[in-house]
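Number of protein chains: 4
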Amino acid sequence: MLRGVSSPRKPNPARRSERSRQAVLDAARRLVSELGYDKVSIEAIAARAGVGKQTIYRWWPSKGAVIFDSILALSADGESIRLPDTGDLEADLKTVMRATVAEFADPAFEAPVRALTLQVVGDPGLAALYREKLSGPVDEAKKERLRSAQRAGQLAADADLDLVLEVLYAPLYQRWQLRSGALTPEYADRLVEITLRAFAPCA
Amino acid sequence: MLRGVSSPRKPNPARRSERSRQAVLDAARRLVSELGYDKVSIEAIAARAGVGKQTIYRWWPSKGAVIFDSILALSADGESIRLPDTGDLEADLKTVMRATVAEFADPAFEAPVRALTLQVVGDPGLAALYREKLSGPVDEAKKERLRSAQRAGQLAADADLDLVLEVLYAPLYQRWQLRSGALTPEYADRLVEITLRAFAPCA
Amino acid sequence: MLRGVSSPRKPNPARRSERSRQAVLDAARRLVSELGYDKVSIEAIAARAGVGKQTIYRWWPSKGAVIFDSILALSADGESIRLPDTGDLEADLKTVMRATVAEFADPAFEAPVRALTLQVVGDPGLAALYREKLSGPVDEAKKERLRSAQRAGQLAADADLDLVLEVLYAPLYQRWQLRSGALTPEYADRLVEITLRAFAPCA
Amino acid sequence: MLRGVSSPRKPNPARRSERSRQAVLDAARRLVSELGYDKVSIEAIAARAGVGKQTIYRWWPSKGAVIFDSILALSADGESIRLPDTGDLEADLKTVMRATVAEFADPAFEAPVRALTLQVVGDPGLAALYREKLSGPVDEAKKERLRSAQRAGQLAADADLDLVLEVLYAPLYQRWQLRSGALTPEYADRLVEITLRAFAPCA
DNA sequence: GTGTAAACGAGACGGTACGTCGCGTCTTAAG
DNA sequence: CTTAAGACGCGACGTACCGTCTCGTTTACAC
């Protein structure tokens, strides 16, 4: 059998050092916070983690993947997400949206989230991974709350829930991304009100 | 007399070579299309443009600025923008949104626009420039059309027009950015309908 | 009980795998021939020999030692060496020197012998080993023949035999090493004649 | 005209920085003395010289070439070499040989000369360069002295002078290289005596 | 016209980081 | 307990670009 140019010799995951994996992800996370995405280098991650560069190259295909993983590891602590359901959709959404606004306004979230965004915009593969691992589960939880509202007659029964989420979140997301306006609790409220009017059940 | 630390010796714009400027912008544009934003290097731009590296560093502060300029030069052909105004807001907006959707779906726009987006997300300064030079004028034209609609009673008189634009465009923009759904003419129509319902004049 | 710094844990030679040892030496020899001394790596030897790297490190202290051993294994096939003794010293030496010249001129000997030389020049320890295992026995055989000649009155009785060997062989060795001249049978003859004149018995 | 795979873009020697060249050669020389040939790395030379690695790779093809050059630069200070000629060949040669022995015994010469030797043995190209730039001129000076001796009837008129030099120097060189014996003034004297007997004029 | 100062192309420079290779050590599983 | 296999921390490799710094050579304005 021909071997061709000899395939890249893939490593055996069973022997992977969990210690090193964690050290790399930690170092990546901290460096991104300190320096911002594009001033982080693989050499710096390796040095900070006390790890050989090869160990990074062995397990991740690119700097982006490491950093993506490091951020993902933060959120994916496995807990299943659940939105508040007091029966009052508008109040519940305002609670959630105000929290989201606060999160985006927190400077500590700035660097890693921008890093994540850059990754996802620039790399279709990471975008898919992002949707699967991060936004997917969260969106599903949100849609669950919306379905509950539909059953309660607070939202049009035939509303496209993906679209509802877009109308609710995309303006906020865009404003943050382009820095085109302030992220205030009032803004959060406004988005909820507008969305509910847009998808109000037919009277 | 001593010169001290001597200020950075800024060049005289009057003597700037238009030939070189164009060559650089062209080269940048083409390289971004061919390789994508982050595989483009200043060295490559200079080589492709047949220009010394110093000529680039003399007139632009960073790679981002060159590429930003090169994309900006495309759009800013100076024509003042004007949206259609047939008197039917919904129809006019659908026309415009369908065109926008088509533009985003065009693969030829993909590389430069993603490059631009990455710039703007990552660099607050470029974000400001972007709002001033690109999105600003376009948004102003859109808002002009919306004001006309307000006068015609087709839109709530007290609607925050910036917010209207966000609700109209941000979902589309986000869908494109995260590749989270198809960009179809129907989607464009839906966004218009929802937005108009959200900001309908109080009956 | 504490082990303290614990000595380097020397392996038990009785359990050594002869199979592995041979495979390593063979692989080393062949790789030196193919690639030359300094492009051979321990990793390559281990891979070619189908042996774990640790097995090499367990039994040899350095790459040099492995290669040295591999070349040594070739020659040291245990036979005791004996020079011809027809009674005519000049004729006998010419026979031997012509053979030596031919050996050095053989391209198949080139790579390993240069490798050996580099080792020996660079590493005093290997130099000692070389003298003990390789050149020593051969030189002793040569000196035996010279003593026979001294008894026969063909060589000064008080000649320093080590010096005789140096005068006889060093020029040849240097010429080969620096590639500073051709190695011909005539050259071999000339060296013998000169040496015999230099150490002729006092008339 | 086809460009092929694009040739390696050779640099323009006119623009070469003499400052950097000297700094590299100095650094190389000192590092070889401190660490010995094979523990010197190009990175270390560049760092010590305060020079970018690329500057070394731009002008030298290999570590060996740098170090070779650095040693060569020492000797090649252009002075024409001249051996003493008192009319007494034996005395003159003993003077020279004793000096040579002393030089080889000097530990300060040890590291660079072994480095040079390793280079020359391992690389035919450097061997040629070595003969041309270093050993050539020196040997020519020695042969000049020998010719003078031939005219004075102190050496066989038909002696092959290259061979005379080999018989004179190669034993010393080999003894140093293999560390097979002490390098003493007496040894130097002995070599001269033996050589002169071997190439004595026919009585 | 001519002189002179600028901007220009070219590209060498000191650096940083890249992604790869090999070192010598350490760990695991099989015999 | 040795072995084959191979991951590990480490450090050097040779390359690509960075942004700065000369080099001559245009080029265009002031004389």
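Residue numbers (full-length UniProt numbering), protein chains in the order written: chain Y, 1 to 203; chain W, 1 to 203; chain E, 1 to 203; chain P, 1 to 203. For every residue, glycine included, the Cβ atom is placed at its ideal position computed from N, Cα and C.
Beta carbon proximity, Tyr37(E) to chain P, threshold 9 Å:
Counted from its first residue, the third sequence places residue 37(E) at position 37. Yes, its Cβ sits closer than 9 Å to a Cβ of chain P.
Interface positions of the stretch 166-183 of chain P facing chain E (Cβ-Cβ less than 9 Å), listed along the chain:
From the stretch 166-183 of chain P, only Glu166, Val167, Tyr169, Ala170, Pro171, Leu172, Tyr173, Gln174, Arg175, Gln177, Leu178, Arg179, Ser180, Gly181 have a Cβ closer than 9 Å to chain E.
Option in Val51(W), Ala182(W), Leu129(W), Val138(W) with minimal Cα separation from Pro19(W)
Mapped onto the second sequence, residue 19(W) falls at position 19. The amino acid occupying residue 19(W) in the given sequence is Arg; Pro does not appear at that position. Ranked by Cα distance from Arg19(W), the options Val51(W), Ala182(W), Leu129(W), Val138(W) are led by Val51(W).
So, Val24(W) versus Ala46(W), is the Cβ gap smaller than 9 Å?
Position 24 of the second sequence holds residue 24(W). Position 46 of the second sequence holds residue 46(W). Cβ distance < 9 Å, so Val24(W) and Ala46(W) count as in contact.
In this structure, does DSSP put Arg19(P) in helix, strand or coil?
Locating residue 19(P) in the fourth sequence gives position 19, counting from the first residue. Reduced to three states, the DSSP call for Arg19(P) is helix.
Between Tyr57(E) and chain P, is any beta-carbon pair separated by less than 9 Å?
Counted from its first residue, the third sequence places residue 57(E) at position 57. With a threshold of 9 Å between beta carbons, Tyr57(E) makes no contact with chain P.
Label Ser17(P) either buried or exposed according to how many other C-beta atoms from any shown protein chain fall within 10 Å of its C-beta, with 16 as the threshold for buried.
Walking along the fourth sequence from the start, residue 17(P) turns up at place 17. Exposed, since its Cβ has fewer than 16 Cβ neighbours within 10 Å.
Counting pairs of Cβ atoms below 8 Å between the stretch 55-69 of chain E and the stretch 157-171 of chain E, do you hit three or more?
Taking 8 Å as the limit for Cβ pairs, the verdict is that the stretch 157-171 of chain E does not touch the stretch 55-69 of chain E.
Mind listing, in chain order, the continuous alpha helix (DSSP H) runs of no fewer than 4 residues lying wholly within the stretch 116-187 of chain E?
Correct list: 124-130, 136-151, 161-178.
When you compare each of Ala49(P), Val120(P), Gly87(P) to Gln150(P) by their alpha carbons, which one comes out closest?
What you label residue 150(P) is simply residue 150 of the fourth sequence in a count that begins at 1. Among Ala49(P), Val120(P), Gly87(P), the Cα nearest to that of Gln150(P) belongs to Gly87(P).
In chain P, which residues lie with their C-beta within 8 Å of the C-beta of Ile194(E)?
Translated into positions along the third sequence, residue 194(E) becomes position 194. Contact note: Ile194(E) reaches chain P through Leu163, Val167, Ala198, Phe199, using a C-beta cutoff of 8 Å and chain order.
Nearest to Thr55(P) by alpha carbon, out of Gly36(P), Gln22(P), Lys39(P)?
Here residue 55(P) corresponds to residue number 55 of the fourth sequence, with the count starting at 1. Nearest neighbour of Thr55(P) by Cα position, chosen from Gly36(P), Gln22(P), Lys39(P), turns out to be Gln22(P).
Just the Cα atoms here: how many angstroms apart are Val120(P) and Lys10(W)?
By 1-based counting over the fourth sequence, the position of residue 120(P) is 120. By 1-based counting over the second sequence, the position of residue 10(W) is 10. Inter-residue distance for Val120(P) and Lys10(W) is about 54 Å (C-alpha atoms, whole angstroms).
What ranges does the alpha helix (DSSP H) occupy inside the stretch 40-82 of chain Y, keeping only unbroken runs of at least 4 residues that lie completely in it?
Listed in chain order, the complete alpha helix (DSSP H) runs (minimum 4 residues) inside the stretch 40-82 of chain Y are 42-49, 53-59, 63-75.
Going by beta carbon distance, what residues of the same chain come within less than 7 Å of Arg98(W), once the five residues before and after it are set aside?
As a position in the second sequence, residue 98(W) is number 98, starting the count at 1. Counting only Cβ-Cβ distances below 7 Å, and skipping sequence neighbours, we find Pro185, Ala188.
Proximal residues to Leu118(Y) (C-beta, below 7 Å), its chain only, five neighbours per side dropped
The residue given as residue 118(Y) occupies position 118 in the first sequence. So the list reads Tyr37, once near-sequence residues are dropped.
Using the Cα positions of Leu196(W) and Glu43(Y), report the straight-line distance between them to the nearest angstrom.
To locate residue 196(W), count along the second sequence from 1; it is residue 196. To locate residue 43(Y), count along the first sequence from 1; it is residue 43. Taking the CA atoms as reference points, Leu196(W) sits about 52 Å from Glu43(Y).
Should Ala170(P) go down as buried or exposed, given a rule of 16 or more other Cβ atoms within 10 Å for buried?
Counting from one through the fourth sequence, the residue named residue 170(P) turns up at place 170. Buried is the call here.
Contact set for Lys53(E): own chain, Cβ-Cβ below 8 Å, skip 5 residues either direction
In the third sequence, residue 53(E) corresponds to position 53, counting from 1. Answer for Lys53(E): Ile42, Glu43, Ala46, listed in chain order.
Give the straight-line distance between the Cα atoms of Gln177(W) and Ala102(W), rounded to the nearest whole angstrom.
Residue mapping note: residue 177(W) aligns to position 177 of the second sequence, counting from 1. Residue mapping note: residue 102(W) aligns to position 102 of the second sequence, counting from 1. Straight-line spacing of the CA atoms in Gln177(W) and Ala102(W) works out to 15 Å.
Taking the alpha-carbon positions, what's the Leu116(P) to Ser148(P) distance?
The sequence position of residue 116(P) within the fourth sequence is 116, counting from 1. The sequence position of residue 148(P) within the fourth sequence is 148, counting from 1. Answer to the nearest angstrom: the Cα atoms are 31 Å apart.
Using only the alpha-carbon positions, how far apart do Leu168(W) and Ser62(Y) sit?
The residue labelled residue 168(W) in the question sits at position 168 within the second sequence. The residue labelled residue 62(Y) in the question sits at position 62 within the first sequence. Using only the alpha carbons, I get a separation of about 36 Å.
At a CB-CB cut-off below 8 Å, which residues of chain E make contact with Thr117(P)?
Your numbering for residue 117(P) matches position 117 in the fourth sequence. The contacting residues are Val121.
9 Å is my cut-off, CB to CB: does Asp189(E) come that close to chain P?
Within the third sequence, residue 189(E) is the residue found at index 189, counting from 1. So no, Asp189(E) is outside the interface.
Ala127(W) versus chain Y: which residues are under 7 Å apart at the beta carbon?
As a first step, residue 127(W) must be located in the second sequence, where it is residue number 127. Neighbours of Ala127(W) on chain Y, chain order: Leu178, Arg179.
Residue range of the unbroken alpha helix (DSSP H) whose run includes Asp92(P)
One-based indexing of the fourth sequence puts residue 92(P) at position 92. DSSP places Asp92(P) inside the alpha helix (DSSP H), whose first and last residues are 89-105.
Does the beta-carbon of Ser6(W) have 16 or more other beta-carbons within 10 angstroms, so that it is buried, or is it exposed?
By one-based count along the second sequence, residue 6(W) stands at place 6. The predicted position of Ser6(W) is uncertain, since its pLDDT is 48 and thus under 50; no value can be drawn from it.
Coarse secondary structure for Phe199(Y), derived from DSSP in three states:
As a working note, residue 199(Y) is residue 199 in the first sequence. Correct three-state label for Phe199(Y): coil.
Return the chain-ordered list of same chain residues with a C-beta closer than 7 Å to the C-beta of Ala141(E), the five sequence neighbours on each side being excluded.
In the third sequence, counting from the first residue as 1, residue 141(E) sits at position 141. Excluding positions up to five away in sequence, the list reads Ile81, Arg82, Leu83.
Is DSSP giving Asp189(P) helix, strand or coil here?
By one-based count along the fourth sequence, residue 189(P) stands at place 189. Here Asp189(P) carries a helix assignment [DSSP, helix/strand/coil].
Below 9 Å between beta carbons: does that hold for Arg29(P) and Ala65(P)?
Here residue 29(P) refers to the residue found at position 29 when the fourth sequence is read from its first residue. Here residue 65(P) refers to the residue found at position 65 when the fourth sequence is read from its first residue. 9 Å or more divides the Cβ of Arg29(P) from the Cβ of Ala65(P).
When Pro124(E), Pro112(E), Ala111(E), Ala157(E) are compared against Arg175(P), the one with the closest alpha-carbon:
As a first step, residue 175(P) is located in the fourth sequence; it is residue number 175 there, counting from the start. If we check each option's Cα against that of Arg175(P), Pro124(E) comes out closest.
Near Gly181(Y), which residues of its chain fall below 8 Å by C-beta distance, leaving aside the five closest residues on each side in sequence?
Here residue 181(Y) corresponds to residue number 181 of the first sequence, with the count starting at 1. Excluding positions up to five away in sequence, the list reads Arg175, Tyr187.
I need the straight-line Cα distance from Glu193(P) to Ala156(E), nearest angstrom please.
Stepping through the fourth sequence from its first residue, residue 193(P) is reached at position 193. Stepping through the third sequence from its first residue, residue 156(E) is reached at position 156. Going by the C-alpha atoms only, they are around 14 Å apart.
Please report whether the beta-carbon of Pro124(E) lies at a distance below 9 Å from any beta-carbon of chain P.
For the purposes of this step, residue 124(E) is identified with residue 124 of the third sequence, where counting begins at 1. Answer yes: the Cβ-Cβ gap between Pro124(E) and chain P drops below 9 Å somewhere.
If you reduce the DSSP assignment to three classes, tell me which class Pro13(E) lands in.
Locating residue 13(E) in the third sequence gives position 13, counting from the first residue. In this structure, Pro13(E) counts as helix in the three-state DSSP scheme.
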